[in-house]
Amino acid sequence: MNHTKNFLTANFLTANFLTANFLRAGSLEAAVASARFAQALPAYADEFGQLDISPESWTDVPLLTKEQLIEGVTDAAPYGRRLGADLADIAWVFVAPGPIFMPFTASDIDALAERFAGTFRSCGFTSSDVVDQTTLYNWVIAGTILGKALEKVGATAVPGGSGDTQRHIEVIEGLGVTAILAFPTFLVHLLDTAAAQGRTLPLKRAIVMGELHDPREKDRIQREYGVSVREFYGTADVGPVAAECGVEPGMHLREDVFVEFVNPRTGEPVTGASASEPAELVVTDPVRRAMPIVRLRTGDLVDSVTAEPCACGTATPRIGRIVGRVGDITKVKGMFVVPGSVKSVLLRHRLVTKYQLVVSRDAGRDTLVLRVEGSRPGGWDRILDEVSHTLRVRCESEFVERIEGDAILLDQRTT
Numbered sequence: 000m001n002h003t004k005n006f007l008t009a010n011f012l013t014a015n016f017l018t019a020n021f022l023r024a025g026s027l028e029a030a031v032a033s034a035r036f037a038q039a040l041p042a043y044a045d046e047f048g049q050l051d052i053s054p055e056s057w058t059d060v061p062l063l064t065k066e067q068l069i070e071g072v073t074d075a076a077p078y079g080r081r082l083g084a085d086l087a088d089i090a091w092v093f094v095a096p097g098p099i100f101m102p103f104t105a106s107d108i109d110a111l112a113e114r115f116a117g118t119f120r121s122c123g124f125t126s127s128d129v130v131d132q133t134t135l136y137n138w139v140i141a142g143t144i145l146g147k148a149l150e151k152v153g154a155t156a157v158p159g160g161s162g163d164t165q166r167h168i169e170v171i172e173g174l175g176v177t178a179i180l181a182f183p184t185f186l187v188h189l190l191d192t193a194a195a196q197g198r199t200l201p202l203k204r205a206i207v208m209g210e211l212h213d214p215r216e217k218d219r220i221q222r223e224y225g226v227s228v229r230e231f232y233g234t235a236d237v238g239p240v241a242a243e244c245g246v247e248p249g250m251h252l253r254e255d256v257f258v259e260f261v262n263p264r265t266g267e268p269v270t271g272a273s274a275s276e277p278a279e280l281v282v283t284d285p286v287r288r289a290m291p292i293v294r295l296r297t298g299d300l301v302d303s304v305t306a307e308p309c310a311c312g313t314a315t316p317r318i319g320r321i322v323g324r325v326g327d328i329t330k331v332k333g334m335f336v337v338p339g340s341v342k343s344v345l346l347r348h349r350l351v352t353k354y355q356l357v358v359s360r361d362a363g364r365d366t367l368v369l370r371v372e373g374s375r376p377g378g379w380d381r382i383l384d385e386v387s388h389t390l391r392v393r394c395e396s397e398f399v400e401r402i403e404g405d406a407i408l409l410d411q412r413t414t
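Just so you know, numbering that gives the first Met the number 0 puts 10 at position 11 of the sequence shown, and the rest follows in order with no gaps.
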């Protein structure tokens, strides 16, 4: 078999990354067609040059970053010379942080809504569900596109939006809401708040997205509140990329988004020789035309992927957790450390607090300290042991009144 033609092969040969030949020729061909379309646009033309884009040359196509999208808007507002449709055909424009102005044609939006609808169906939502949609509706794409997707599922959408926990509780009770779309922290807060008021909500299903969290919280929600929780991973640029089936661990990659894994430091495709740390997800939207997205570095790091057959029958591989962001990883005592993974340990023990990992060097030896805002909680030694086990590096700790700035990693080594 010609793997260059039929598969873009990713060989993950470490303990975490298993061999996965998962990108079919059809997906690659669609990605190539999208890149060729994009190459006619000024910004992409500058970046791609005269490259003859084909399945064989795919990895020569330059990677795209959010910084480039932002710089493009600054240099050539509003669309950074990446507009792929006539202005008259632009049906929606959303605003992402940066800012990045995100144009969509009617067909772009319809395709994206169908992609989300497929994800919702795979996560258990049905036409009989009444769904509280709790993400933002203003400026960003989330509320609008999720509402359109729920309409495609045939569910009844309740546009609750973000915040106002008490109002959500009252509406869920009053309407008999059966399902909810939410960030994990809001879902937990909502359910715990209702329980503290002696209320039993009629929710049966939840889909969560968008935050690092302790996966065991899902088990607690199921056990204490009878709510089945599924998770999906996606980006504002291409929509859902992977989703849980609920049968086996992990999130199945979608077939209608082209996904690659690269070394977060070099941008090179992950191979058996280079997969010694979490890999960064790279995505291409095969169908979006108003602003094509080709080989976008998401900045999100995944800790594993498996191509083992799943009992649910879905053929696509499953990725593991999103464990952090590029730029938030470092090497300590020969081990790659992902600071974002500390959060899941703290949440497991109901510790919602600011923290920072501080790396320094003492007499030529690396030291790692977990700096935590606030006072030392009970049982901290056991919690710290869990942190050390998760990071795979022994970690000391210190408690401070306040942590300055937002960095979760402070590397003080000078050599």
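Beta carbons: idealized from backbone N, C-alpha and C, even for Gly.
Quick check: the Cα distance between residue i and residue j, rounded to an integer number of angstroms?
i: Arg393; j: Ser387; result: 5 Å
i: Ile168; j: Arg294; result: 41 Å
i: Leu383; j: Asp218; result: 23 Å
i: Asp365; j: Pro277; result: 21 Å
i: Ile171; j: Gly266; result: 45 Å
i: Ala105; j: Ser374; result: 53 Å
i: Ala42; j: Ala75; result: 10 Å
i: Gly404; j: Gly71; result: 28 Å
i: Asp107; j: Met250; result: 24 Å
i: Gly160; j: Leu50; result: 45 Å
i: Arg381; j: Met334; result: 22 Å
i: Phe433; j: Asp131; result: Outside the displayed range of the chain (0 to 414) lies residue 433, so it cannot be described from this structure.
i: Glu395; j: Gly326; result: 22 Å
i: Thr192; j: Phe182; result: 15 Å
i: Glu230; j: Gly209; result: 9 Å
i: Val60; j: Gly83; result: 18 Å
i: Glu397; j: Gln221; result: 35 Å
i: Glu28; j: Arg264; result: 27 Å
i: Arg198; j: Ser126; result: 26 Å
i: Glu216; j: Thr315; result: 26 Å
i: Arg287; j: Ile52; result: 18 Å
i: Thr73; j: Glu66; result: 11 Å
Measure from the alpha carbon of residue i to the alpha carbon of each residue in the options, then state which is nearest.
i: Arg347; options: Ala44, Lys203, Asp213; result: Asp213
i: Phe100; options: Ser106, Gly298, Arg81; result: Arg81
i: Ala110; options: Asp131, Gly83, Lys147; result: Lys147
i: Val351; options: Val371, Leu86, Ala362; result: Val371
i: Tyr232; options: Leu280, Leu409, Gln411, Ala34; result: Leu280
i: Cys122; options: Glu395, Arg287, Arg204; result: Arg204
i: Ala87; options: Ala289, Pro308, Ser56, Gln165; result: Ala289
i: Val45; options: Gly319, Thr58, Gln196, Leu62; result: It is worth fixing the name first, because residue 45 is Asp in this sequence and not Val. That would be Leu62, whose Cα lies nearest to the Cα of Asp45.
i: Glu223; options: Val92, Thr177, Thr297, Leu190; result: Leu190
i: Gln165; options: Thr389, Pro248, Ala112, Gln196; result: Gln196
i: Ala112; options: Ala34, Gly225, Ala235, Val176; result: Ala235
i: Gly377; options: Arg287, Asp361, Arg349; result: Arg349
i: Phe119; options: Thr64, Asn137, Thr58, Ala242; result: Ala242
i: Gln411; options: Leu390, Asp361, Arg391; result: Asp361
i: Asn262; options: Phe93, Pro54, Gly162, Arg296; result: Arg296
Thinking C-beta only, is residue j closer than 8 Å to residue i?
i: Thr329; j: Val336; result: yes
i: Ala156; j: Leu149; result: yes
i: Leu180; j: Thr134; result: yes
i: Val344; j: Leu356; result: no
i: Val207; j: Val228; result: yes
i: Val282; j: Val301; result: no
i: Val331; j: Val358; result: yes
i: Arg317; j: Val304; result: yes
i: Ala95; j: Val139; result: yes
i: Ala30; j: Pro285; result: yes
i: Asp298; j: Ile407; result: Sequence check: residue 298 is Gly here, not Asp. Cβ distance not < 8 Å, so Gly298 and Ile407 don't count as in contact.
i: Asp128; j: Ala154; result: yes
i: Pro201; j: Thr177; result: yes
i: Pro291; j: Phe36; result: yes
Where do the N-terminal and C-terminal ends of the beta strand (DSSP E) with residue i fall, by residue?
i: His251; result: 250 to 252
i: Lys330; result: 329 to 331
i: Ala42; result: Premise fails: Ala42 lies in the alpha helix (DSSP H), 41 to 47, not in any beta strand (DSSP E).
i: Ser227; result: 227 to 234
i: Tyr354; result: 354 to 361
i: Trp379; result: Run containing Trp379: none in the beta strand (DSSP E); it sits in the alpha helix (DSSP H), 379 to 390.
So, at 7 Å on beta carbons, what are the nonlocal neighbours of residue i in its own chain, with the 5 sequence-adjacent residues on each side left out?
i: Phe115; result: Ile144, Leu145, Ala148, Gly238, Pro239
i: Ile402; result: Lys353, Gln355, Arg370, Glu372
i: Cys244; result: Ser121, His251, Cys309, Cys311, Thr313
i: Val256; result: Val237, Val240, Val282, Asp284
i: Asn15; result: Any reading at Asn15 is ruled out, since the residue's pLDDT is 34, under 50, leaving its predicted position unreliable.
Locate the alpha helix (DSSP H) running through residue i, then write down its first and last residues.
i: Gln196; result: Premise fails: Gln196 is in no alpha helix (DSSP H) and is neither H nor E.
i: Leu202; result: Careful: Leu202 lies outside any alpha helix (DSSP H) and carries neither H nor E.
i: Arg120; result: 105 to 121
i: Leu367; result: That residue, Leu367, is in no alpha helix (DSSP H); its beta strand (DSSP E) goes 364 to 372.
Can you find the residues in the same chain that come closer than 6 Å, C-beta to C-beta, to residue i, ignoring five residues on each side of it along the sequence?
i: Glu400; result: none
i: Phe47; result: Gln38
i: Leu40; result: Arg81, Gly83
In chain order, what residues of the same chain have a beta carbon less than 8 Å from the beta carbon of residue i, not counting five sequence neighbours either side?
i: Leu68; result: Gly79, Arg81, Gly97, Ile99
i: Ser56; result: Leu50
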